[in-house]
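For the record, the sequence lines run as chains A and B. Mapping to this note's numbering: the first sequence position 279 is 279, numbers consecutive. Mapping to this note's numbering: the second sequence position 290 is 290, numbers consecutive. The C-beta atom is built at its ideal place from N, Cα and C for all residues, glycine as well. Bear in mind the structure is a predicted one, so any value in this text is a computation, not a measurement.
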Amino acid sequence: MLFSYLLATGVTTGALYALVAVGLVICYRTTGHINFAHGELFMVGGYIAFSMHVLMHVPYVYALILAVVSSGLLGLICDRAVFRPLISAPPMAMVIATVALSFLLRGAARVIWGGLGEYVPFPPIVDPSPISFWGIAIFPQQLIVVASVAVCMLFITLFFRSTRVGKTMKAVAESPRASYLVGIKVEKVYALTWMLSAALAAVSAVLMAPLTQLTPDIGFGLLLKAFAATILGGLGSMPGAVVGGLVVGICESFSAGYISSSLQEVMAFIIIMAVLIVRPTGLFGAPSAREV
Amino acid sequence: MAAGVLLIALVPLFLSPYYIFVANLILIYIILAIGLNIVLGYAGQLSFSNGAIFGIGAYATGLLRLDYGCPYWLALPLGTLTATVLGILVALPALRLKGHYLALASIAFAQSTIWILVHWDGLTHGTSGFVLEPVEFSLIGLKSHAGMLYLSLAAAIVCVVMASNILQSPVGRAFVAIRESEHAASALAIDLTRYKIYAYGISSLYAGVAGGLFVGVVGAVVPDQFGLFQIVLQFCMVFVGGVGSLWGSVVGAVLIISSQELMRGFQQYQEFGFGVLLLVIILFFPSGIVGFLKLRVGGWQEPLRHYFKARG
Numbered sequence: 001m002l003f004s005y006l007l008a009t010g011v012t013t014g015a016l017y018a019l020v021a022v023g024l025v026i027c028y029r030t031t032g033h034i035n036f037a038h039g040e041l042f043m044v045g046g047y048i049a050f051s052m053h054v055l056m057h058v059p060y061v062y063a064l065i066l067a068v069v070s071s072g073l074l075g076l077i078c079d080r081a082v083f084r085p086l087i088s089a090p091p092m093a094m095v096i097a098t099v100a101l102s103f104l105l106r107g108a109a110r111v112i113w114g115g116l117g118e119y120v121p122f123p124p125i126v127d128p129s130p131i132s133f134w135g136i137a138i139f140p141q142q143l144i145v146v147a148s149v150a151v152c153m154l155f156i157t158l159f160f161r162s163t164r165v166g167k168t169m170k171a172v173a174e175s176p177r178a179s180y181l182v183g184i185k186v187e188k189v190y191a192l193t194w195m196l197s198a199a200l201a202a203v204s205a206v207l208m209a210p211l212t213q214l215t216p217d218i219g220f221g222l223l224l225k226a227f228a229a230t231i232l233g234g235l236g237s238m239p240g241a242v243v244g245g246l247v248v249g250i251c252e253s254f255s256a257g258y259i260s261s262s263l264q265e266v267m268a269f270i271i272i273m274a275v276l277i278v279r280p281t282g283l284f285g286a287p288s289a290r291e292v
Numbered sequence: 001m002a003a004g005v006l007l008i009a010l011v012p013l014f015l016s017p018y019y020i021f022v023a024n025l026i027l028i029y030i031i032l033a034i035g036l037n038i039v040l041g042y043a044g045q046l047s048f049s050n051g052a053i054f055g056i057g058a059y060a061t062g063l064l065r066l067d068y069g070c071p072y073w074l075a076l077p078l079g080t081l082t083a084t085v086l087g088i089l090v091a092l093p094a095l096r097l098k099g100h101y102l103a104l105a106s107i108a109f110a111q112s113t114i115w116i117l118v119h120w121d122g123l124t125h126g127t128s129g130f131v132l133e134p135v136e137f138s139l140i141g142l143k144s145h146a147g148m149l150y151l152s153l154a155a156a157i158v159c160v161v162m163a164s165n166i167l168q169s170p171v172g173r174a175f176v177a178i179r180e181s182e183h184a185a186s187a188l189a190i191d192l193t194r195y196k197i198y199a200y201g202i203s204s205l206y207a208g209v210a211g212g213l214f215v216g217v218v219g220a221v222v223p224d225q226f227g228l229f230q231i232v233l234q235f236c237m238v239f240v241g242g243v244g245s246l247w248g249s250v251v252g253a254v255l256i257i258s259s260q261e262l263m264r265g266f267q268q269y270q271e272f273g274f275g276v277l278l279l280v281i282i283l284f285f286p287s288g289i290v291g292f293l294k295l296r297v298g299g300w301q302e303p304l305r306h307y308f309k310a311r312g
């Protein structure tokens, strides 16, 4: 019984980690940079949905759409202000700039939405009592989360496989210079990438908010979990990120259930360090070419 | 010169305790910023572990005094040693990582250090931290804060001189070579592993000393002080001063700590403010104050990270 409960919880949180991780991977593949402010984009998306849904009583679905759109716009602003000027700088500049951006966003959220350590409750959108499948208790919210994540993944796969824009993004990921030569507007593709990834972060925030509580600090912890997922799956691999996210979620919930609940917070760090030390390319990543 | 030194040496006797405290903090952060700059600005390793090593130094020194009855003069070197050894041990697996991977691994290490400080109650006194008696300096006729100020001043001077000597020696040049290109450096027969360990070791030593002094000055320690904000503060110092400039770190530490103290009333805007500051520096003044001065002062010989600005 405990086993099935933990598995259901792990798969749900894991699916959300996977969605956040896919946002990171999309950015990394196309631009070659990691966005350390991705967790804060998630947090801001969650707070926007909270303001809409709880404070202004906008229905949940509209709140979701509005949060996704405004997060996309925030991604566009970040692209203009931070990412575009630094796109060809060495990774160090971008890493520190995005860490700075994450502090800026977190500080802003603290000023706007409340003080240190204040948790904001987000009401459940469906009946919170569990339903039983063959003796396994599952919360309806969990089903909604897993189903929505699956839909998002399907959408992303189709986007990259069959739309022109998605193919353009893949081309830029392959070689920005060659894409430029065949007439692709590389800067626009980058801007679109950051927007798409910010919007995905908002989707996962809105899905996760009813399961947990919002705090301005939620972003960074979540970012590290998504990192654990991407690193585990191999940086830059989309299916790897999904598998990694599920593994991280399940590891967390089992270690919390069977060993100690405080282990849940540190599981992601253990995974990151272990993978980087033992197999830095992750489970699905190819060994990187030598850079000179 | 001698009169000037004497004058400076007598100043602590007349300052109010608050200014002594701020001066102490500035000296401690000068040590920290130089340590970070050696690993980040000179050796070019993007490591976020400095804040955690600082915390380990502070905790080791404080706990040796509190729970094991060590006097401060013994606890400080032992605490520094602990931090240095742990810093090097942690660096060993990180040696094969660079760029994004190193940043990630060191953030994971820093966050798990905080987790250990919070959860290992038996050793670290948990979330609420601990409070120490002021360090005793009555033997040489000084109050605790003034005594600490002399100690920090001596430590800071030793650290600056030592860093300046190291950075002008073949070791320092090897750091810069590694930063500019690892492949070129190893082609010049520079042992990458050895010099990276040196860089991490020196910066851990500096962070450890700073931690030991910090616990002596502040007297109360909680895990939160050594979190990510700590490292962002240190990054601000290094970047405001100039990445890859020894004196830049000194200037950066003085400016950042003074501005933090001046804006004590606006603490809720602190994260926002330093985030904006760091971003503006990276976007518009990537080589910091020293980089700006270098354009105007001839003959400034420092291996600044000049290619830091975006190209094309």
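At a beta-carbon threshold of 7 angstroms, the residues of chain A lying near residue 103 of chain B are 95, ordered along the chain.
Residue 157 of chain B does not reach chain A, its nearest Cβ partner there being about 29 angstroms away, counting only Cβ pairs nearer than 7 angstroms. Taken through DSSP and simplified to helix, strand or coil, residue 103 of chain A comes out as helix.
When DSSP states are grouped into helix, strand and coil, residue 131 of chain B belongs to the strand group. Between the C-alpha atoms of residue 279 of chain B and residue 289 of chain B there is a straight-line separation of about 15 angstroms. Boundaries cannot be given for residue 189 of chain B, as no alpha helix (DSSP H) includes it and DSSP labels it neither H nor E.
Here the C-alpha atom of residue 292 of chain B lies approximately 22 angstroms from the C-alpha atom of residue 168 of chain B. Boundaries of the beta strand (DSSP E) harbouring residue 137 of chain A: 136–138, taken from the DSSP string.
Under the Cβ criterion of 7 angstroms, residue 112 of chain B is counted among the residues facing chain A.
Interface annotation for the region 203–236 of chain B against chain A: 228, 229, 232, 235, criterion Cβ-Cβ distance under 8 angstroms.
With a threshold of 7 angstroms between beta carbons, residue 107 of chain A makes contact with chain B. Judged by their CB atoms, residue 58 of chain B and residue 171 of chain B are not nearer to each other than the 7 angstroms cut-off. With distances taken between CA atoms, residue 217 of chain B lies nearest to B:133 out of B:15, B:80, B:88, B:133.
Taking the Cα positions, residue 109 of chain A is about 19 angstroms away from residue 233 of chain B. Secondary structure note for residue 131 of chain A: its beta strand (DSSP E) is the uninterrupted segment 131–133. Using a Cβ-Cβ cut-off of 7 angstroms, residue 108 of chain B counts as an interface residue toward chain A, since at least one Cβ of chain A sits closer than that to its own. For residue 23 of chain A, the enclosing alpha helix (DSSP H) stretches over residues 2–31. Between residue 223 of chain B and residue 131 of chain B, the CB-CB gap reaches or exceeds 7 angstroms.
At a cut-off of 7 angstroms between beta-carbon atoms, residue 269 of chain A makes contact with chain B. Identification of chain B residues near residue 273 of chain A by a Cβ-Cβ cut-off of 7 angstroms yields 105, 108, 109, ordered along the chain.
At a C-beta separation below 7 angstroms, residue 92 of chain A has these neighbours in chain B: 46. In this structure, residue 35 of chain B sits near residue 206 of chain B, with a CB-CB distance shorter than 7 angstroms.
Chain B places a beta carbon closer than 7 angstroms to that of residue 100 of chain A, counting this residue as a contact.
At a cut-off of 7 angstroms between beta carbons, residue 272 of chain B contacts chain A. Residues of chain A with a Cβ closer than 7 angstroms to the Cβ of residue 279 of chain B are, in chain order, 82, 97, 100, 101, 104. Contact between residue 226 of chain A and residue 17 of chain A is confirmed by a C-beta separation of about 6 angstroms, below the 8 angstroms threshold.
In the structure shown, residue 171 of chain A adopts helical secondary structure according to DSSP, grouped into three states.
Using a CB distance cut-off of 7 angstroms, residue 71 of chain B does not count as an interface residue toward chain A. Listed in chain order, the alpha helix (DSSP H) runs fully inside the region 34–68 of chain A are 38–50, counting runs of at least 4 residues. Assignment of residue 243 of chain B by DSSP, reduced to helix, strand and coil, places it in the coil class. Within chain B, the residues 115 have their CB atoms less than 8 angstroms from the CB of residue 265 of chain A, given in chain order. Residue environment analysis places residue 267 of chain B among the exposed positions, since fewer than 16 neighbouring C-beta atoms fall within 10 angstroms of its C-beta. The beta carbons of residue 215 of chain B and residue 62 of chain B sit closer together than 7 angstroms. Nearest CB-CB separation between residue 265 of chain B and chain A: not below the 7 angstroms threshold. A straight-line Cα-Cα distance of about 18 angstroms links residue 53 of chain A and residue 201 of chain A. In this structure residue 265 of chain A is buried. Its beta-carbon is surrounded by 16 or more other beta-carbon atoms within 10 angstroms.
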